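Student: Residue numbers (our numbering): 110 to 328.
Even glycine gets a Cβ: it sits at the ideal position worked out from N, Cα and C.
Quick caveat: nothing in here was measured; it's all calculated off a predicted structure.
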Ligand SMILES: C=C1C=NC(C(F)(F)F)=NC1=N
Ligand SMILES: [Mg+2]
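(1) Taking 7 Å as the cut-off, is the beta-carbon of residue 304 closer than that to any non-hydrogen atom of ligand 2?
(2) What residues in its chain sit with their C-beta under 7 Å from that of residue 236, if we drop five residues either side in the sequence?
(3) Using a threshold of 7 Å, is the CB atom of residue 189 nearer than that to any non-hydrogen atom of ligand 2?
(4) I need the DSSP call for residue 283, collapsed to helix, strand or coil.
(5) Quick check: residue 283 and residue 258, are their CB atoms within less than 8 Å of each other?
(6) Flag this pair as yes or no: are the beta carbons of residue 239 and residue 110 separated by less than 8 Å?
(7) Could you give the DSSP three-state label for residue 250: helix, strand or coil?
(8) Could you check if residue 120 belongs to the surroundings of ligand 1, using beta carbon to heavy atom distance under 7 Å?
(9) Compute the minimum distance between the beta carbon of residue 204 and the heavy atoms of ligand 2, and state whether it is under 7 Å.
(10) Comparing the CB of residue 159 with every heavy atom of ligand 2, is any distance shorter than 7 Å?
(11) Name the residue from 197, 196, 192 whose alpha carbon lies nearest to the alpha carbon of residue 204.
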């Protein structure tokens, strides 16, 4: 099988839905089914912060959402929790700078997808060297989905990474919704990561579909 190619990774990153039970008051399985029907291209299970699940409950929901993704051909990525990612044989793992190092994660994940959050150029360069298949940059705009988020960077951080010659696939995250997608994509991002614009929408299906329509200009 081998590592995912850059071209394949870029396709998956187009509309990347990141979600955990803490992001909704609806049934989590229903939200993910609607997001998939609306056209998301990649899914990350991120059970974190106030009201999130842990232990057996977290694993149980992870398995349910992994199965829904599997049935629809959407890769299932786990956030932070490498033990869960390995236990579920997930399609990939996303780690931040405070999680396990990318080198170590690459060893444990084999050829699975490995995403790394980067805030500075050095973090981005290091992650790419250590085997990251994509970088998450942001928060691009103010976000309500991460209580310890850093200062928003603006889309110019993506342009800067490109200017510094970073070729690794990049996805922007943080406060992205229909009206600022164009600015993020024009800055050189390969895709957008969305939490609340889909999870908190009255219709996650409609929201995902509208976002997909917008992103289609960049496919
Ligand atoms: C904190 C995060 C930053 N970026 C990303 C992604 F969009 F996947 F790159 N996921 C996260 N959980
Ligand atoms: Mg993390």
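Tutor: On the basis of the supplied data:
(1) In the chain shown, counting from the first residue as 1, residue 304 sits at position 195. Checking every heavy atom of ligand 2 against the Cβ of residue 304, none is found closer than 7 Å.
(2) Along the chain shown, read from residue 1 onward, the residue named residue 236 stands at position 127. Excluding sequence neighbours, residue 236 sits near 211, 225, 227, 244.
(3) Position 80 of the chain shown, counting from 1, holds the residue named residue 189. Flag set: Cβ of residue 189 near ligand 2.
(4) What you label residue 283 is simply residue 174 of the chain shown in a count that begins at 1. Residue 283: coil per DSSP, three-state reduction.
(5) Residue 283 sits at position 174 when you count from the first residue of the chain shown. Residue 258 sits at position 149 when you count from the first residue of the chain shown. Yes, the Cβ-Cβ distance between residue 283 and residue 258 is below 8 Å.
(6) Counted from its first residue, the chain shown places residue 239 at position 130. Counted from its first residue, the chain shown places residue 110 at position 1. The answer is no: Cβ separation not under 8 Å.
(7) Within the chain shown, the letter at position 141 stands for residue 250. In the structure shown, residue 250 sits in coil (DSSP, three-state: anything other than H, G, I, E or B).
(8) Position 11 of the chain shown, counting from 1, holds the residue named residue 120. Answer for residue 120: no, Cβ out of range of ligand 1.
(9) Residue numbering aside, residue 204 sits at position 95 when the chain shown is read from its first letter. Flag set: Cβ of residue 204 near ligand 2.
(10) The residue labelled residue 159 in the question sits at position 50 within the chain shown. No - ligand 2 has no heavy atom lying nearer than 7 Å to the Cβ of residue 159.
(11) As a first step, residue 204 must be located in the chain shown, where it is residue number 95. Among 197, 196, 192, the Cα nearest to that of residue 204 is on 192.
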